[in-house]
Amino acid sequence: MTELQPLDAGFIELEDADRRVSLGIAAVAILAGTPPDRTEFAAMLAERVSANQRLRQRIRRAPLDLTVPVWEEDPNFDVAHHIRWTALPEPAGETELREFVAGELVERLDRDHPMWECVVVERLADARWALMVKAHHSLVDGVSGVSLFERLCDAPASDQQPRAVPAIEATGGPGWFDRVVTGLRLPLDVPRYAVGMVRSLVPVVAAFVAVPTASSLNGPIGRQRRYTIARASLTEIREIGRGLDATVNDVVLAALTSAYRSVLLGRGEQPTGNTVRILVPVSMRSADARSLLDNRVSAVLSLLPLHLEDPVERLSTIHQRMVRHKSSGAAQAEKSLLAWAGRLPFAPVAWGMRLWSHVPQRGVTAVATNIPGPRRTLTVLGREVLELIPAIPIAMRLRTGIAILSYGDQLTFGITGDYDSTPDLERIADGIHTAIADLLAVARARAQRPAG
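In UniProt numbering, the protein residues as written are 1 to 452.
This is how it looks when you write it as C-alpha cells:
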C-alpha cells in the first residue's frame with residue numbers, strides 16, 4: 001500500500017466537503033469510423049490497464065482521517081466496472097456532445113473501485129464516435145491525465161518493443177521513525193527554508209486574501225453544469241507570439257481576458273483591472289515522471305487586465321506579469337510547502353482543509369489550465385483520433401473553468417460553467433475566437449510593414 005501525496009488527498013477532502021462538486025477530469029476523443037465491438041474493446045482495455053498498477057488500486061481511508069489515505073489493490077477489480085456504452089440523441093452533433101459532457105462532469109466516480117472510467121459514445125454525426133476517459137483529480141493532473149490517455153491508445157507503429165510498465169515511485173511516505181527524526185530536525189531545518197519560502201509565498205497569500213471587485217463571475221455554484229468548446233490553430237497562436245513578443249500561454253491568457261471582458265460587458269457590468277484573478281496551474285513534473293499517476297502542480301495567480309480595451313496592450317501586460325510571476329519563485333515555494341505538508345500529521349491537515357473549503361473564497365474568479373497534448377496522431381484499435389477535447393470540474397465558488405489542450409495543430413478550449421449562473425457560457429467561446437482573430441490580424445499587419 002502507498003500513501004497519497006498531500007495534494008492528491010486534498011482533492012478527496014475538497015470533494016467530501018461539498019456535495020455539489022465532482023472532481024473528475026476528462027479527455028474526450030473524437031474518432032473516425034465506428035467503434036470496436038464490446039468484447040474487443042474490453043480485451044484491449046484490460047491488456048493496457050494491466051501495465052499500470054495504479055489503475056487497479058482504490059483509495060482506503062482511516063476512520064476520522066487519523067492517518068493518510070492509502071492506495072490499495074481492489075480485490076474485486078474487473079475492467080467491466082470501468083466501461084460504459086452510450087449513444088447521443090439525433091442529430092448526435094456537437095450540441096448533443098456538449099450536453100453529454102456537461103452531464104458527465106457532475107457524476108462522481110465510484111470510490112469502491114479505482115476512480116477512473118471509459119465511456120464509449122457509439123454514434124456521432126459524420127461517421128464518427130467518441131471515447132471519454134475520466135479519472136478523479138486525486139489520481140491524475142492534466143499532464144499525467146493526457147499521458148494516461150496516450151497509454152490507452154495504440155502504441156506507435158515504429159515501437160517494436162513491448163509497452164514498458166510505468167513505475168510507481170516509492171511514495172509510501174515516511175514511517176514512524178522517519179517522522180520522529182523529522183520532528184527532531186525541525187528546529188534546524190525550518191530556519192534554513194522558511195525565509196525564502198515565506199518571501200516567495202507572500203504574493204500568493206496576498207492574492208488569496210485580497211478581494212477583487214465583486215462580479216457575477218464568482219459566487220455559489222449548484223450541481224448542474226454547462227459545457228462548451230472553442231478551437232484555435234496552434235500555428236496561428238505561435239505566429240501571434242512571434243509577431244507580438246509573447247509566449248503561447250500569454251496569447252491564451254490574452255484571449256481569455258478578452259472573453260471574460262465580453263461576458264461582463266454583456267451582463268451590463270464594468271470590467272476593471274481588479275475584477276478577475278485567475279488561477280493557472282503550473283506543472284512541476286519532470287520528463288521522466290510523465291507517466292506516473294499523481295498530481296505534481298503548483299500555481300500562478302494573476303489578475304487579468306480586463307480594463308484595457310486594446311488587445312495588444314492586454315497581451316503585453318499579461319506577458320510582463322507572467323515574467324514577474326515566474327521569476328518570483330512562488331511556484332517552487334508552493335511545491336516546498338506541499339512537501340512540508342506531507343510531513344505533518346494528516347488528521348489536522350484534513351480537518352483544516354474541510355474547514356477552509358467551507359469559507360466563501362472570493363480571491364480567485366476562475367481557473368485555466370494549459371496542457372501540452374500528444375504530438376503524434378493517436379489511434380484506438382486502428383481508429384484515428386481526430387480531435388481531443390479536455391474537460392475539468394469547478395468548485396470553490398469558481399463559476400467557470402477552462403482547460404486548454406493541444407493535439408496536432410489544434411488548440412482546444414474545454415469550458416465548464418455552473419448551469420444556473422453562466423447561461424451565457426457560449427460568450428466565452430465566442431470571445432476567445434474573436435480575440436485570437438484580432439491579435440492575428442495585428443501580428444500579420446506588423447509583419448508586412450517595411451523594415452526600418
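For glycine and all other residues, C-beta sits at the position ideal for the given N, C-alpha and C.
All figures in this text were calculated on a predicted structure; none of them were measured in a lab.
Pick helix, strand or coil for residue i, following the three-state DSSP scheme.
{"i": "Val119", "result": "strand"}
{"i": "Thr228", "result": "strand"}
{"i": "Asp37", "result": "coil"}
{"i": "Arg48", "result": "helix"}
{"i": "Ile221", "result": "coil"}
{"i": "Glu3", "result": "strand"}
{"i": "Met132", "result": "strand"}
{"i": "Leu292", "result": "coil"}
{"i": "Val380", "result": "strand"}
{"i": "Arg60", "result": "strand"}
Would residue i pass as a contact of residue j if the rule is Cβ separation under 8 Å?
{"i": "Ala29", "j": "Ala127", "result": "no"}
{"i": "Arg56", "j": "Asp74", "result": "yes"}
{"i": "Arg399", "j": "Thr369", "result": "no"}
{"i": "Thr365", "j": "Asn274", "result": "no"}
{"i": "Ser258", "j": "Ala403", "result": "no"}
{"i": "Ala429", "j": "Thr228", "result": "yes"}
{"i": "Gly417", "j": "Arg261", "result": "no"}
{"i": "Ile415", "j": "Ala230", "result": "yes"}
{"i": "Val252", "j": "Leu439", "result": "no"}
{"i": "residue 505", "j": "Leu244", "result": "The requested residue 505 is not part of the displayed model; the chain covers only 1 to 452."}
{"i": "Gly431", "j": "Leu405", "result": "no"}
{"i": "Leu304", "j": "Leu381", "result": "no"}
{"i": "Pro271", "j": "Ile25", "result": "no"}
Which two residues bound the contiguous alpha helix (DSSP H) that contains residue i?
{"i": "Leu97", "result": "94 to 104"}
{"i": "Leu148", "result": "142 to 152"}
{"i": "His433", "result": "426 to 447"}
{"i": "Phe413", "result": "Phe413 -> not in any alpha helix (DSSP H); beta strand (DSSP E) instead, spanning 410 to 418."}
{"i": "Arg238", "result": "234 to 244"}
Report the rounded CA-to-CA distance for residue i versus residue j, giving the unit in angstroms.
{"i": "Gly266", "j": "Arg444", "result": "29 Å"}
{"i": "Val202", "j": "His325", "result": "In this predicted model, Val202 has a pLDDT of only 45, less than 50, meaning its place in the structure is not dependable; the value taken from the coordinates is given anyway. If I take the Cα positions, the gap works out to 12 Å."}
{"i": "Val248", "j": "Ile371", "result": "11 Å"}
{"i": "His137", "j": "Val367", "result": "14 Å"}
{"i": "Leu308", "j": "Thr317", "result": "9 Å"}
{"i": "Arg123", "j": "Glu384", "result": "15 Å"}
{"i": "Leu23", "j": "Leu105", "result": "8 Å"}
{"i": "Lys134", "j": "Val119", "result": "8 Å"}
{"i": "Pro35", "j": "Pro63", "result": "44 Å"}
{"i": "Met44", "j": "Ile221", "result": "39 Å"}
{"i": "Ala27", "j": "Glu117", "result": "11 Å"}
{"i": "Pro212", "j": "Gly363", "result": "6 Å"}
{"i": "Val49", "j": "Glu150", "result": "12 Å"}
{"i": "Arg111", "j": "Ala447", "result": "55 Å"}
{"i": "Glu3", "j": "Thr67", "result": "9 Å"}
{"i": "Pro91", "j": "Val70", "result": "45 Å"}
{"i": "Thr379", "j": "Cys153", "result": "6 Å"}
{"i": "Ala32", "j": "Leu386", "result": "7 Å"}
{"i": "Val79", "j": "Ala46", "result": "6 Å"}
{"i": "Arg277", "j": "Trp85", "result": "39 Å"}
{"i": "Arg242", "j": "Arg449", "result": "15 Å"}
{"i": "Glu426", "j": "Val323", "result": "31 Å"}
{"i": "Ala87", "j": "Arg58", "result": "29 Å"}
{"i": "Thr39", "j": "His82", "result": "14 Å"}
{"i": "Met132", "j": "Val140", "result": "15 Å"}
{"i": "Thr235", "j": "Val300", "result": "25 Å"}
{"i": "Ser302", "j": "Met115", "result": "32 Å"}
{"i": "Val280", "j": "Gly401", "result": "10 Å"}
{"i": "Glu313", "j": "Leu306", "result": "11 Å"}
Over what stretch of residues does the beta strand (DSSP E) that includes residue i continue unbroken?
{"i": "Thr272", "result": "Per DSSP, Thr272 belongs to no beta strand (DSSP E) and is neither H nor E."}
{"i": "Leu31", "result": "24 to 32"}
{"i": "Arg383", "result": "383 to 391"}
{"i": "Ala395", "result": "Premise fails: Ala395 is in no beta strand (DSSP E) and is neither H nor E."}
{"i": "Ala403", "result": "400 to 407"}
{"i": "Ala366", "result": "366 to 371"}
{"i": "Arg20", "result": "Careful: Arg20 lies outside any beta strand (DSSP E) and carries neither H nor E."}
{"i": "Thr86", "result": "83 to 86"}
{"i": "Glu73", "result": "70 to 73"}
Which word fits residue i, buried or exposed, when buried means at least 16 other C-beta atoms lie within 10 angstroms of its C-beta?
{"i": "Val198", "result": "Residue placement at Val198 cannot be trusted, given a pLDDT of 42 that sits under 50; what the coordinates show is reported in the next sentence. Exposed."}
{"i": "Met1", "result": "exposed"}
{"i": "Leu148", "result": "buried"}
{"i": "Arg223", "result": "exposed"}
{"i": "Leu188", "result": "Its pLDDT being 47, under 50, Leu188 is placed unreliably in this model, and the coordinates cannot settle the point."}
{"i": "Gln320", "result": "exposed"}
{"i": "Asp37", "result": "exposed"}
{"i": "Gly93", "result": "exposed"}
{"i": "Glu72", "result": "exposed"}
{"i": "Arg163", "result": "The pLDDT assigned to Arg163 is 48, lower than 50, so where the model puts this residue is not dependable, and the model offers no usable value."}
{"i": "Arg375", "result": "exposed"}
{"i": "Asp8", "result": "buried"}
Under a CB-based cut-off of 8 Å, is residue i close to chain B?
{"i": "Arg20", "result": "Judged by its chain identifiers, the structure shown contains no chain B, having just a single protein chain."}
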